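Chemist: Counting the sequence shown from 1 gives a position; this note's numbering is that position plus 10. There's a structure below that I have some questions on.
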Amino acid sequence: MNHAAHSFVYIFMRVGFALIALGALSPLFPAADLALTGGTVYPSPDSPLIANATIVIHDSRIAAIGPRASVRIPAGAKVLDCSGKFITAGFWNSHVHIFTPGLLQARNAAAPELNEQMDAMLNRWGFTSVFDIGSVLENTLALRRRIERGEIRGPRILTVGEPLWTETPVYVRGFIESNHIAMPVVNAPEDAVQRVRAQIQRGADGIKLFTGSVQGGGKVANMPLDMVRSAAQEAHRHHLPVIAHPQNSAGLEAAIAGGVDILAHTVPDSPSWTPAFTARLKQAHVALIPTLTLFDFEARKGGASDKDREQWIEKMVSELRTFSEAGGEALFGTDVGYTDHFDTTLEFTLMSRAGMSFPQILTSLTTAPARRFGFSGHIGRVAKGMDADLTVLEGDPAKDITALSRVRLTVRGGRILYTAN
Ligand SMILES: [Zn+2]
């Protein structure tokens with residue numbers, strides 16, 4: 011090959027790689043321009059609403075937003091009439107599991123089957139970003155790749171992959187065994203550090219520690235503090251978050267002392283949270299994912315009486331209430347994928363019962379997780395230049411909090427993930 015041909019091939023390859031690199035950066039395939047007109051927009055939890063608004067989406071980003079009269083719709087844009095609807099930034103669910111039987115073969119399963127699962131569990135509830143906090147890492151990464159390639163309709167997925175525990179929790183043993191999944195225990199701090207390092211190298215976005223792991227018969231296996239601390243330090247060295255399943259008081263204390271960032275649940279086996287305790291959580295910058303619906307699910311599964319179930323839920327609600335009153339940072343999350351209670355209505359009802367206002371709940375769904383997980387530069391608010399991640403609601407969540415679960419349309423990166431019939 012002569013020199014000129016070499017140069018041509020070289021330039022061609024450079025351009026090719028540049029295109030591939032651009033493709034890898036853009037979250038989804040470019041979609042046609044979209045304009046959402048006539049809706050009421052809540053741009054962020056702390057800014058005034060925009061009535062009768064127009065949002066223009068170009069190349070996966072918000073190109074313009076404002077009162078209808080002030081925004082020009084580009085020729086050729088697809089216009090979606092959102093009159094009577096309410097629009098917020100796309101929701102986060104910070105506690106999910108890509109771990110249902112239908113999602114466990116993500117590499118090879120047919121796209122329509124995966125779409126059906128993603129619709130039922132996530133898309134139809136307005137989620138454009140989720141944090142998977144316990145699953146098979148390779149499988150979750152395979153699903154994420156297919157979503158990012160545009161083969162599957164789904165949210166942005168962050169994942170911890172396999173959680174770390176000193177004993178397998180009793181309630182997942184059967185599932186793990188029957189699906190031939192390997193989730194080994196960790197035996198020593200150095201062992202935990204190696205696991206953290208290996209999983210981050212394989213693509214994990216954080217780590218999950220069972221500082222308390224239920225063993226049945228009222229027993230809880232607590233992770234030793236030096237193990238929690240070593241694992242957390244290793245994750246923090248990579249600037250990644252550490253999420254803990256605390257379960258009881260010892261698990262809570264190990265999480266706080268060990269430098270954990272986020273509690274995956276309110277805590278069933280601990281004394282009621284006092285203002286002094288939640289002030290400590292706030293002081294340590296520990297966020298809380300309430301997962302209140304989970305306790306309803308577990309109580310029903312365990313055959314508890316209505317009275318016992320109500321009492322148990324009220325304990326969890328009061329933990330969230332005390333935490334929220336102390337100014338703690340809540341992250342919305344429901345543990346779907348472990349539970350099959352995909353409907354978010356109960357979670358919003360219970361968060362509201364804990365005294366959280368609409369702006370506070372919207373914070374837990376949008377700006378708080380975006381900031382916590384390092385995305386606030388481009389998601390979490392409806393503003394010009396931000397990613398076009400939007401949730402369109404049938405009703406006004408400022409008047410009725412359960413409107414947050416009646417989703418009309420879910421848009422991620424300008425691409426429609428879900429439309430209600
Ligand atoms: Zn969970």
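Backbone N, C-alpha and C fix where the C-beta goes; we use that ideal spot for every residue, glycine too. Owing to the predicted nature of the structure, the values given are computational and were not obtained by experimental measurement.
1) Is ASP350 near ligand 1 - that is, is its Cβ less than 6 Å away from at least one heavy atom of it?
2) Is ASP142 a contact residue of ligand 1, with contact defined as CB to any heavy atom under 6 Å?
3) What would DSSP say about THR420, mapped onto helix, strand or coil?
4) For LEU35, count the other beta carbons within 10 Å of its own beta carbon; 16 or more makes it buried, fewer makes it exposed. Which is it?
5) Alpha carbon to alpha carbon, what distance is there between ARG425 and TRP135?
6) Helix or strand or just coil, what does DSSP make of ALA61?
7) Of the choices GLY313, ALA309 and SER315, whose alpha-carbon is the least far from that of MET326?
8) May I ask which residues mark the beginning and end of the alpha helix (DSSP H) holding ARG207?
9) Can you have a look at LYS311 and say buried or exposed, based on whether 16 or more other CB atoms are within 10 angstroms of its CB?
10) Check whether the region 67-87 touches the region 95-112, counting contact only when three or more Cβ pairs, one atom from each stretch, lie closer than 8 Å.
11) In chain order, which continuous runs of the beta strand (DSSP E) of length 3 or greater are located wholly inside the region 62-128?
12) Quick one: Cα of VAL417 to Cα of LEU298, how far?
13) Helix, strand or coil, according to DSSP, for ILE411 in the structure here?
14) Take the Cβ of ALA61 as the centre, count every other Cβ of all protein chains shown within 10 Å, and call the residue buried at 16 or more, exposed below.
15) Going by alpha carbons, who is nearest to LEU219 out of PRO55, TRP175 and ALA74?
16) Please return the same chain residues whose Cβ sits closer than 6 Å to the Cβ of MET366, not counting the five positions on each side in sequence.
17) Between GLU177 and GLN225, is the Cβ-Cβ spacing less than 7 Å?
18) Taking buried to mean at least 16 other C-beta atoms within 10 Å of its own C-beta, is ARG159 buried or exposed?
19) Taking C-alpha atoms, which residue in LEU414, GLU339 and THR150 lies nearest to LEU356?
20) Note down, in chain order, each residue of its chain lying with its Cβ closer than 8 Å to the Cβ of ALA289, except the 5 sequence neighbours on either side.
21) Which first and last residues belong to the beta strand (DSSP E) in which ALA274 is found?
22) Candidates ASP56, ARG78, ALA79 and ALA45: which alpha carbon is nearest ILE67's?
23) Using the C-alpha atoms, what's the distance from ALA378 back to ALA340?
24) Would you list the one or two residues that DSSP bridges to SER328?
25) State the Cα-Cα distance for the pair ALA202 and ARG239, rounded to the nearest angstrom.
26) For LYS394, which of helix, strand or coil comes out of DSSP?
27) Starting from ARG425, follow the beta strand (DSSP E) in both directions and report where the run begins and ends.
28) Alpha carbon to alpha carbon, how far is ASP69 from PHE18? Give it in angstroms, no decimals.
29) At the level of alpha carbons, what is the spacing between ARG319 and ILE191?
30) When burial is assigned at 16 or more other CB atoms within 10 Å of the CB, is GLN8 buried or exposed?
31) Assign LEU35 to one of three DSSP states: helix, strand, or coil.
32) Output needed for LEU32: all residues of its chain with C-beta closer than 6 Å, excluding positions within five of it in sequence on either side, in chain order.
33) What are the partner residues of LYS218, as DSSP defines its beta bridges?
34) Quick check on the burial criterion: 16 or more other C-beta atoms within 10 angstroms. Buried or exposed for ALA364?
35) Mapping DSSP to helix, strand and coil, what is LEU151?
Modeler: Looking at the atomic coordinates:
1) On the sequence shown, position 340 is the one that residue 350 refers to. Answer for ASP350: no, Cβ out of range of ligand 1.
2) As a position in the sequence shown, residue 142 is number 132, starting the count at 1. No, since every heavy atom of ligand 1 falls outside the 6 Å radius drawn around the Cβ of ASP142.
3) By one-based count along the sequence shown, residue 420 stands at place 410. Here THR420 sits in strand by DSSP.
4) Here residue 35 refers to the residue found at position 25 of the sequence shown. Caution applies to LEU35, whose pLDDT of 42 falls short of 50 and renders its modelled position unreliable; the value that the coordinates give is listed next. With fewer than 16 other Cβ atoms within 10 Å, it is exposed.
5) Here residue 135 refers to the residue found at position 125 when the sequence shown is read from its first residue. Here residue 425 refers to the residue found at position 415 when the sequence shown is read from its first residue. Near 16 Å, if we compare the C-alpha coordinates of ARG425 and TRP135.
6) Here residue 61 refers to the residue found at position 51 when the sequence shown is read from its first residue. In this structure, ALA61 counts as strand in the three-state DSSP scheme.
7) Position 316 of the sequence shown, counted from the start, is the residue given in the question as residue 326. Closest by alpha carbon: ALA309.
8) Within the sequence shown, residue 207 is the residue found at index 197, counting from 1. Following the DSSP letters along the chain, one finds ARG207 inside the alpha helix (DSSP H) bounded by residues 199-212.
9) By 1-based counting over the sequence shown, the position of residue 311 is 301. LYS311 comes out exposed.
10) no
11) Within the region 62-128, the complete beta strand (DSSP E) runs of at least 3 residues are 71-77, 88-91, 96-99 and 101-106.
12) Position 407 of the sequence shown, counted from the start, is the residue given in the question as residue 417. Position 288 of the sequence shown, counted from the start, is the residue given in the question as residue 298. About 25 Å.
13) Locating residue 411 in the sequence shown gives position 401, counting from the first residue. Looking at ILE411 - three-state DSSP - the assignment turns out to be helix.
14) The count along the sequence shown starts at 1 and reaches residue 61 at position 51. ALA61 comes out exposed.
15) Taking the first residue of the sequence shown as position 1, residue 219 is located at position 209. Measuring from the Cα of LEU219, the nearest candidate turns out to be TRP175.
16) The residue labelled residue 366 in the question sits at position 356 within the sequence shown. Sequence-distant partners of MET366 (beyond 5 residues in either direction) whose C-beta falls short of 6 Å from its own C-beta, in its chain, are SER334.
17) In the sequence shown, the residue the question calls residue 177 occupies position 167. In the sequence shown, the residue the question calls residue 225 occupies position 215. Yes. Within cutoff.
18) Taking the sequence shown and counting its residues from 1, the one referred to as residue 159 is at position 149. Classification for ARG159: exposed.
19) Taking the sequence shown and counting its residues from 1, the one referred to as residue 356 is at position 346. With distances taken between Cα atoms, LEU356 lies closest to LEU414.
20) Locating residue 289 in the sequence shown gives position 279, where the first residue counts as 1. Only ALA336 meet the Cβ criterion.
21) Here residue 274 corresponds to residue number 264 of the sequence shown, with the count starting at 1. Counting along the chain, ALA274 falls outside any beta strand (DSSP E), and DSSP gives it neither H nor E.
22) Position 57 of the sequence shown, counting from 1, holds the residue named residue 67. Comparing C-alpha distances from ILE67 to each of ASP56, ARG78, ALA79 and ALA45 shows the shortest one belongs to ALA45.
23) For the purposes of this step, residue 340 is taken as the residue at position 330 of the sequence shown. For the purposes of this step, residue 378 is taken as the residue at position 368 of the sequence shown. Cα to Cα, the separation comes out at about 8 Å.
24) On the sequence shown, position 318 is the one that residue 328 refers to. Paired residues: none, contrary to the question.
25) The residue given as residue 202 occupies position 192 in the sequence shown. The residue given as residue 239 occupies position 229 in the sequence shown. One C-alpha to the other measures close to 10 Å.
26) As a first step, residue 394 must be located in the sequence shown, where it is residue number 384. Reduced to three states, the DSSP call for LYS394 is coil.
27) Taking the sequence shown and counting its residues from 1, the one referred to as residue 425 is at position 415. Start and end: 425-429.
28) For this step, residue 18 is matched to residue 8 along the sequence shown. For this step, residue 69 is matched to residue 59 along the sequence shown. Bear in mind that the predicted position of PHE18 carries a pLDDT of just 36, short of 50, making it unreliable; the figure below should be weighed with that in mind. Each residue's Cα considered, the two are about 30 Å apart.
29) Sequence index remark: in the sequence shown, residue 319 carries index 309 (1-based). Sequence index remark: in the sequence shown, residue 191 carries index 181 (1-based). For ARG319 and ILE191, the distance between alpha carbons rounds to 32 Å.
30) In the structure displayed, the chain extends from 11 to 431; residue 8 sits before or after that span and is not available.
31) Residue mapping note: residue 35 aligns to position 25 of the sequence shown, counting from 1. No answer about LEU35 holds up, because its pLDDT of 42 lies below 50 and its placement is not dependable.
32) Locating residue 32 in the sequence shown gives position 22, where the first residue counts as 1. Since pLDDT at LEU32 reaches only 41, below the 50 mark, its modelled position is unreliable, and the value read off the structure follows with that caveat. Cβ within range, chain order: n/a, list empty.
33) Along the sequence shown, one-based indexing puts residue 218 at 208. Answer is ILE253, bridged to LYS218.
34) Along the sequence shown, one-based indexing puts residue 364 at 354. Around the beta-carbon of ALA364, 16 or more other beta-carbon atoms lie within 10 Å, marking it buried.
35) As a first step, residue 151 must be located in the sequence shown, where it is residue number 141. Helix at LEU151.
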